[in-house]
Structures are given as structure tokens and as C-alpha cells.
Amino acid sequence: MSGSIATRVRDVFDKLNSIQEFMAGFMEAENWTGADMTEMLERVSEAQGAIAQRLRGSKSEALARHHLMPQVERFAEFFEKASVNNHAITARLDPVVHHALHGDKGGPWNAIWDEFGRKHNVENRPFFVIGFAVGLMYRIGQQAAEIVPW
0 MSGSIATRVR DVFDKLNSIQ EFMAGFMEAE NWTGADMTEM LERVSEAQGA
50 IAQRLRGSKS EALARHHLMP QVERFAEFFE KASVNNHAIT ARLDPVVHHA
100 LHGDKGGPWN AIWDEFGRKH NVENRPFFVI GFAVGLMYRI GQQAAEIVPW
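Quick note, the sequence shown lines up with residues 0 to 149 if you use numbering that gives the first Met the number 0.
If you want it as C-alpha cells, here you go:
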């Protein structure tokens with residue numbers, strides 16, 4: 000084995016810290032409240048009802064790729080500061096759900112990210128930010144969505 004025991008222990012602690020950061024971000028999303036979250040949950044619920052009606056006896060439309068982290072230019076510095084590639088993680092969603100999240104101008108999904116950015120110092124905290132993104136997907140009931148690279 001290469002490396003000293005101290006080096007290996009440090010590596011384990013670093014990995015545990017990364018898991019803790021991810022879980023902290025995930026829990027932040029789980030506990031998120033406010034008008035934007037309420038709107039997003041209502042819109043997704045309506046979208047799922049529409050999907051259920053459409054699917055009776057027919058096949059689903061092609062799935063849309065949803066970036067878990069917003070692509071709007073105003074977020075670029077935020078994700079850079081967090082050391083996160085905001086293009087890297089997408090989920091395949093029904094287009095109706097995708098539209099419910101964003102509408103025509105970013106919608107409640109981007110509004111929640113705006114507030115998250117104002118509330119938290121994310122400098123060099125990629126696992127916290129990724130945990131928040133994944134937590135949002137769980138919060139809106141899309142945990143089964145296929146996660147794919149862009």
C-alpha cells in the first residue's frame with residue numbers, strides 16, 4: 000500500500016466531509032419553504048395530472064433534458080465560486096414537468112436558486128450545491144428521473 004496511514008485517514012475524512020456537505024445541501028432543499036417552492040410544487044402536481052391524462056392508452060413524448068443547475072448567465076459566477084460545472088448534471092423529464100419548473104422565464108426553479116445563492120456562501124462547496132440540486136429533484140417527486148450528463 001502506498002501512502003502513510005495518516006494520509007489514508009485524511010482521505011477518509013475528506014470523503015466523509017464531502018458526504019456531509021452533500022447531505023447538508025440535500026436537507027436544505029428538503030426543508031425549503033416559501034412562495035416559489037409552493038408554486039413549483041403546485042405546478043409539478045398539475046403537470047403530473049396532465050401527464051396521467053395524456054398517458055392513458057398512449058406513449059409518452061420524448062423526454063426533455065433538465066439542467067439541475069440553472070444555465071442563465073447570472074448564475075455563472077455563483078457556480079464558478081462553488082467549483083461546480085453547472086452544465087454537467089441533467090435529468091430526463093417529461094416536457095410538461097420541465098415547463099412547469101421553468102415556464103417561459105426561468106420559473107420557480109430559477110427563483111429558488113436565486114434565493115439559495117443569496118442565503119448561502121457556497122465558495123468551494125460543490126457537494127453542498129449538488130446536494131441542494133438533487134434535494135430539489137426529490138422534493139418535487141422526480142427522484143426516479145434518469146440523471147445523465149449533458
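From the three backbone atoms N, C-alpha and C, an ideal C-beta is built for every residue, glycine too.
CB-CB length for Gln141 against Leu92, believed under 8 Å
In this structure Gln141 touches Leu92 by the C-beta definition: roughly 6 Å separates them, less than 8 Å.
Is Ala99 closer than 8 Å to Glu145 when the C-beta atoms are compared?
no
Leu92 bridges to which residues according to DSSP?
Ala63
Continuous alpha helix (DSSP H) stretch holding Pro107: start and end:
Annotation for Pro107: the continuous alpha helix (DSSP H) segment containing it runs Gly106 to Lys118.
With respect to the alpha helix (DSSP H) encompassing Val71, which residues constitute its N-terminal and C-terminal limits?
Element bounds for Val71: n/a, residue is neither H nor E.
State the beta-bridge partners of Glu145 as determined by DSSP.
Arg91
Can you look up Glu41 in the DSSP assignment and give me helix, strand or coil?
helix
Sorted by chain position, which residues of the same chain lie with C-beta nearer than 6 Å to Phe21's C-beta, five sequence neighbours on each side aside?
By the criterion of a C-beta distance shorter than 6 Å, Phe21 is surrounded in its chain by Phe126 and Gly130, once the five residues flanking it on both sides are discounted.
List the whole-angstrom C-beta distance separating Ser82 from Asn16, where the pair is believed to meet the contact cut-off of C-beta under 8 Å.
Not a contact, Cβ separation roughly 14 Å.
Taking Thr89 as the reference, which of Gly102, Pro69, Ala23 and Glu79 has the closest Cα?
Comparing Cα positions, the closest option is Pro69.
Just mark Trp149 as buried or exposed, buried being the case when its beta carbon has 16 or more other beta carbons within 10 Å.
Trp149 should be labelled exposed.
Answer yes or no: do Glu114 and Asp35 have a C-beta to C-beta separation smaller than 8 Å?
yes
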